[in-house]
Amino acid sequence: MNRKHFLSSLLAAGATLPAIQSAASFIPQEAIQPPIIPPYLKKGDIIGITCPAGYIKKEEISDAIRIIESWGFIVRMGNTVGLKDGSFGGTDQQRAADFQAMMDNPEIKAILCARGGYGSARMIDQLNFENFRKRPKWIIGFSDITAIHSHVNSQFDIVSLHSKMCNSFPSDLRGSDAIMQDTINSIYQSLTGTKMQYKADNDPHNRIGKATAPVVGGNLSVLQSVSGTASEIDTNGKILFLEEVGEYLYNLDRMLGTLERSGKLSHLKGLILGGFNRIKPDDPGEEFGRNLYDIIFDRIKMYNYPVCFNFPVGHQRNNYALKSNAVHTLEVTSTGATLKE
């Protein structure tokens, strides 16, 4: 992308702790096989829309359909769009069947999840990925869809697309501001084969360095929830990106502690922190006493891989499309950070 994208800092200032030990070379570079990239899309290809997690009304995806069709693609709506079972887009069985049908249908070249919420992990064990493994296609979404990204990235080494979903498409893309236009257009560019590049403004807590590796990650609480399952994330020799929304500081500390104790932070090539937005205030008299910077560096102070804060990914307007599990180069300097394919 030509336009530089910067995310203003949302975090309170904190102390950076020194790095004293490296684990970035845990896996020899020559031992890493290139990930499998699904075929890029061309005009006339079909994108299926399904609801593996939360419920959404059919009219809520009309803006997304209009924009996707303007890109030259054909939209096929799944059976779960508009279906409701409590907060879910249908029962676990219905959501799994809809997702399975889209994976198995060779005419569908990409699967766009209509929204997040909760539910992907409830149905993922019902899926048979055999046809998907043989004929990979793009899976698109973020937040709760992190469970699916983590599964296909770690189990099959297939690249997927971490990006906004149908419920975040604007009603008037051309009339939207530059950030929204670039964010939505990054989905099209990623799906059609553009080598993406993103920039983040300098943060005083960044750790300078450079690394080239597959980028994996997503929503912190979802990654923690699939720990110990078949969908558990593989971070060895990878650049890890994390984002979160609406959590207490103590809970962020607990979840990051789980990642550290399970070895997910010790053999990284780099760490990217996206939006950690709408952090909940502490209860009066029970202040946690640490900010997000403190929490992060308490878990990674013994390693020396590059660290980038305030990257444009997460529950925010500038949530740019990121090819999860694709090889990228992260370069963090004194003036900012760049992530490029």
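When the letters of the sequence shown are read in order and numbered with mature numbering (1 follows the signal peptide of the UniProt record, and there is no 0), they come out as residues -23 to -1, 1 to 318.
All residues carry an ideal CB built from backbone N, CA and C; glycine is no exception.
Paired residues, beta bridge with Lys257 - DSSP: Tyr225
Whole-Å CB distance - Ile164 paired with Ser137, under 8 Å assumed: Rounded, the Cβ-Cβ distance is 12 Å, inconsistent with contact.
Sequence-distant residues of the same chain with beta carbon closer than 8 Å to Asp134, five excluded per side: Gln10, Pro12, Ile13, Asn302
Inspect the beta-carbon positions of Ile38 and Ile85 and report whether they are closer than 7 Å. no
Name, in chain order, the residues that DSSP records as bridge partners for Asn196. Glu220
Where Val304 sits in the DSSP three-state scheme: strand
Does Gln10 come out as helix, strand or coil in the three-state DSSP assignment? coil
Take the Cβ of Ala87 as the centre, count every other Cβ of all protein chains shown within 10 Å, and call the residue buried at 16 or more, exposed below. buried
Does DSSP put Tyr270 in a helix, a strand or coil? helix
CB-CB under 8 Å to Ile33, same chain, minus the five flanking residues each way: which ones, in chain order? Val58, Gly59, Gly66, Ala91, Arg92, Cys143, Asn144
Counting only the same chain and skipping the five closest in sequence on each side, list residues whose C-beta sits under 7 Å from that of Gly313. Lys176, Ala177, Asp178, Asn179
By the three-class DSSP mapping on this structure, what secondary structure does Met100 have? helix
Which partner residues of Pro191 appear in the DSSP bridge assignment? Val304
My output table needs one value for Phe76: the three-state DSSP class, helix, strand or coil. helix
Nearest-angstrom Cβ-Cβ length linking His139 and Phe119, presumed shorter than 8 Å: 5 Å
Going along the chain, which unbroken runs of the alpha helix (DSSP H) with 4 or more residues stay wholly within the segment 141 to 170? 155 to 168
Going by the DSSP bridge assignment, what does Gly25 pair with across the sheet? Arg53, Ile88
With a 10 Å radius around its C-beta and 16 neighbouring C-beta atoms as the bar for buried, classify Asp154 as buried or exposed. exposed
Which whole-angstrom value is the C-beta distance of Ile249 and Phe274, which I expect to be below 8 Å? The pair is not a contact, with the Cβ atoms about 15 Å apart (cut-off 8 Å).
What did DSSP end up calling Ala124 once you bin it into helix, strand or coil? helix
Straight-line Cα distance separating Pro29 from Tyr282: 35 Å
Does the beta-carbon distance from Lys172 to Pro191 come in below 7 Å? no
Extent of the continuous alpha helix (DSSP H) to which Ile38 belongs: From DSSP, Ile38 is part of no alpha helix (DSSP H); its letter is neither H nor E.
Do you know whose CA, among Lys19, Ile45, Gly21, lies nearest Leu150's CA? Ile45
So if DSSP puts Ile45 in a beta bridge, which residue, or which two residues, is it bridged to? Answer by DSSP bridge pairing: none, since Ile45 is not bridged.
Would you mind giving the Cβ-Cβ distance between Thr315 and Gln174, rounded to the nearest angstrom? I have them listed as a contact below 8 Å. 7 Å
State the CB to CB distance for the pair Asn213 and Cys285, rounded to an integer number of angstroms; the pair is presumed to be in contact (CB under 8 Å). Not confirmed; about 20 Å, so no contact.
With distance defined between alpha-carbon atoms, name the residue in Lys111, Phe76, Pro83 nearest to Ile101. Phe76
Can you give me the Cβ contacts of Gly170 inside the same chain, cut-off strictly under 6 Å, excluding the 5 residues immediately before and after it? Tyr17
Which partner residues of Tyr175 appear in the DSSP bridge assignment? Leu316
Which residues in the same chain as Gln103 place their Cβ atom closer than 6 Å to its Cβ, once the five residues preceding and following it in sequence are excluded? Ala73
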